[in-house]
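Q: Here this note's numbering is used: position 80 in the sequence shown is 106, and no number is missing along the way.
Just so you know, even glycine gets a beta-carbon here, dropped at the ideal spot from N, CA and C.
One structure is given below, represented as structure tokens, and several questions about it will come after.
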Amino acid sequence: MTSISRHDVNALLRQVQGNSLFNRQLSSICQVNGLKSTGVKAELQRRIVQPSAYGTYGFSFKPSPFYYVEGAVSVLRTSMAQHRNSVTIPLRLSDHPIVQRCNEDKSYRIMVFCASDDSGLQDVAFPHQSELRVNGDEIKANLRGLKNKPGSTRPVDITNTLRLRGNYMNNIEFTYALTSRVKSLLTVFFSGQKYYLIVNICKTTSVPELVTTISNRRKISEESVISELNKIAQDPDVVATSQVLSLKCPLSYMRLEVPCRSLSCTHLQCFDATSYLQLQEQGPQWLCPICNKSAPFDQLAVDGYVKVILENTSKSLETVTIEPNGKWSSKPPKEETSSRPNGAALEDDDDDDDVEVSEIIIGGRRIETPKHMTPYKETPGSGGADGGSAPRGSTHSAKRPTPAVIDLTLSSDDEEPIQRPHKRQHTGTSSYRGSSSLPFLSESPSNYPS
């Protein structure tokens, strides 16, 4: 077979990826090479450029920064929708020499993928009721992903349960039932829903390696952040005020180590790159935890402005104050002086304990006695039938009445007579002699109406 130079290969790739070939020409190339020949132009180009990613089954899984599909180590198996069934996939090291990489490099893993369609880019999606066994041992893995979150399912890593030696035959058994999540069994039967299962060997990338990649590539510069803050402050339609920036990650609640956000995010708050990637590794959604916008891996960048703040503050500091001009300080914003409820001004509460003295003249002697004691303080909500209480200002208005002077040297004749109610008196005898023997009962007391 005649070899082809790298220069010619690159020229062919440029021709395929360019606009010089029509769809029918690309479709013919796919058909000749055993690839699926239908689809839009972009899909046809990808199949020709990366045929190993599509294999002979005409579709591929959406790429992930955590792994790269090196190739398939099994045939594509289809699960039917009308009944419960089991699919068994044999895997032997001698049949697939590429599997030997798993013994030499721990970053190579054997993973089980499943899709709900057989064309284009597909999310990993297993049947709703399914289980996976390798050599008779059940694989404890989340085959459903996050609830109501399509695309959050991960492929299943089965490397540690495989016996990768010589001619040993490993059996991968996949059991499924009720593959279509609909209520009507008749709809399940006629819907034609199918799932496609395949085993791939993948090159994985760890979270620390991805964090290093983010740290070494393009950053959000400190100057660009300050420029954006000044631009907002100069906008006449926006009232710019200081803002508090948290130095803790909203995901882990720990201090930020690698402050990160998406290039499409407009907020200043960052999340920690390690915490975010660990979360996506468990259930990929790639959404910003602050603004909920799309934040894929290739759009993540380190915020240089926040990084400078972290490098120049103590690890115990949790927040800083950002001024509209971009300057920051570790002091919290000044709070306005609070006032009392109901508009009452602040004053010394010691006045409530004051005691006023009034003058009382008794027999020519002047005696000073307390006139005003500590007022009764009503608990909130206890005064009045309507549950309200009188304003505090009203208690101060009647707090210091004019001292009263009582002169007790005046004659009793000048005073108004005091009317006292009639009281029965005991005579000291046990017999009743009638009203005639009790003269005080026959006449009314002085100034008492008869």
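Identify the residues that DSSP records as bridge partners of Thr201: which are they?
A: Residue mapping note: residue 201 aligns to position 175 of the sequence shown, counting from 1. Bridge partners of Thr201: Ser112, Glu157.
Q: Given this structure, state the Cα-to-Cα distance separating Thr201 from Lys67, to the nearest angstrom.
A: What you label residue 201 is simply residue 175 of the sequence shown in a count that begins at 1. What you label residue 67 is simply residue 41 of the sequence shown in a count that begins at 1. Answer to the nearest angstrom: the Cα atoms are 36 Å apart.
Q: Going by other Cβ atoms of all chains shown within 10 Å of its Cβ, with 16 needed for buried, is Leu52 buried or exposed?
A: As a position in the sequence shown, residue 52 is number 26, starting the count at 1. Counting Cβ neighbours within 10 Å, Leu52 comes out buried, since at least 16 surround it.
Q: Do you know how far the Cα of Arg135 is from the Cα of Asn338?
A: Taking the sequence shown and counting its residues from 1, the one referred to as residue 338 is at position 312. Taking the sequence shown and counting its residues from 1, the one referred to as residue 135 is at position 109. Rounded to the nearest angstrom, the two C-alpha atoms are 42 Å apart.
Q: Does the beta-carbon distance from Cys291 to Cys275 come in below 7 Å?
A: For the purposes of this step, residue 291 is taken as residue 265 along the sequence shown, with counting starting at 1. For the purposes of this step, residue 275 is taken as residue 249 along the sequence shown, with counting starting at 1. Contact: no.
Q: Assign Ala299 to buried or exposed, taking buried as 16 or more other Cβ atoms, counted over all protein chains shown, within 10 Å of its Cβ.
A: Position 273 of the sequence shown, counting from 1, holds the residue named residue 299. The residue in question, Ala299, is buried, as its Cβ has 16 or more Cβ neighbours within 10 Å.
Q: Mind checking who Ala141 pairs with in its DSSP beta bridge?
A: Translated into positions along the sequence shown, residue 141 becomes position 115. DSSP, once it has assigned bridges, lists Tyr222 as partnering Ala141.
Q: Comparing alpha-carbon positions, which option in Tyr93, Leu343, Leu70, Pro116 lies nearest Leu102?
A: Along the sequence shown, read from residue 1 onward, the residue named residue 102 stands at position 76. Answer by Cα proximity: Pro116.
Q: With DSSP collapsed to three states, give me the class of Arg118.
A: Taking the sequence shown and counting its residues from 1, the one referred to as residue 118 is at position 92. Note: Arg118 maps to strand in three-state DSSP.
Q: What residues in its chain sit with their C-beta under 7 Å from that of Tyr94, if we drop five residues either side in the sequence?
A: Your numbering for residue 94 matches position 68 in the sequence shown. Taken in chain order, the residues that qualify are Cys228, Lys229.
Q: Here's the rule: buried if 16 or more other CB atoms are within 10 angstroms of the residue's CB, otherwise exposed. What is Ile124?
A: As a working note, residue 124 is residue 98 in the sequence shown. That one is exposed.
Q: In this structure, does DSSP put Phe85 in helix, strand or coil?
A: For the purposes of this step, residue 85 is taken as residue 59 along the sequence shown, with counting starting at 1. Phe85 falls in the strand class under three-state DSSP.
Q: Evaluate contact between the stretch 314-328 and the stretch 342-359, counting only Cβ atoms and requiring at least three cross-stretch pairs below 8 Å.
A: The stretch 314-328, when compared against the stretch 342-359, does not touch it at the 8 Å Cβ threshold.
Q: Distance check for Gln306 and Pro234, CA to CA, integer angstroms please.
A: Start at 1 with the first residue of the sequence shown, and residue 234 comes out as number 208. Start at 1 with the first residue of the sequence shown, and residue 306 comes out as number 280. Spanning the two alpha carbons is a distance of roughly 13 Å.
Q: How do the stretch 185-193 and the stretch 125-134 stand: do at least 3 beta-carbon pairs fall below 8 Å, yes or no?
A: The answer is yes - the stretch 125-134 touches the stretch 185-193, with three or more Cβ pairs under 8 Å.
Q: Pick out the complete beta strand (DSSP E) segments inside the stretch 232-288, 3 residues or longer, and give them in chain order.
A: Entirely contained in the stretch 232-288, the beta strand (DSSP E) runs reaching 3 residues are, in chain order, 269-272, 285-288.
Q: What residues match up with Gly481 in a beta bridge as DSSP calls it?
A: A query on residue 481 cannot be resolved here, the shown segment of the chain reaching from 27 to 476 and no further.
Q: Enumerate in chain order the residues of its own chain whose CB-to-CB distance from Glu157 is below 6 Å, with the five nearest sequence positions on each side excluded.
A: The residue labelled residue 157 in the question sits at position 131 within the sequence shown. Answer for Glu157: Thr201, listed in chain order.
Q: The beta strand (DSSP E) with Gly97 in it runs from where to where?
A: The residue you call residue 97 lines up with position 71 of the sequence shown. Note, Gly97: beta strand (DSSP E), 93-98.
Q: Can you give, in chain order, each stretch of the alpha helix (DSSP H) that sits fully within the stretch 327-352 and has at least 4 residues?
A: Counting whole runs of 4 or more residues, the stretch 327-352 contains the alpha helix (DSSP H) stretches 330-337.
Q: How many whole angstroms separate the CB atoms of Thr347 and Val270, which I take to be in contact at a CB cut-off of 8 Å?
A: For the purposes of this step, residue 347 is taken as the residue at position 321 of the sequence shown. For the purposes of this step, residue 270 is taken as the residue at position 244 of the sequence shown. Yes, Thr347 and Val270 are in contact; Cβ-Cβ is about 6 Å, under 8 Å.
Q: If the criterion is Cβ atoms closer than 7 Å, does the pair Phe87 and Gly146 meet it?
A: As a first step, residue 87 is located in the sequence shown; it is residue number 61 there, counting from the start. As a first step, residue 146 is located in the sequence shown; it is residue number 120 there, counting from the start. Against a cut-off of 7 Å, the Cβ pair of Gly146 and Phe87 comes out as no contact.
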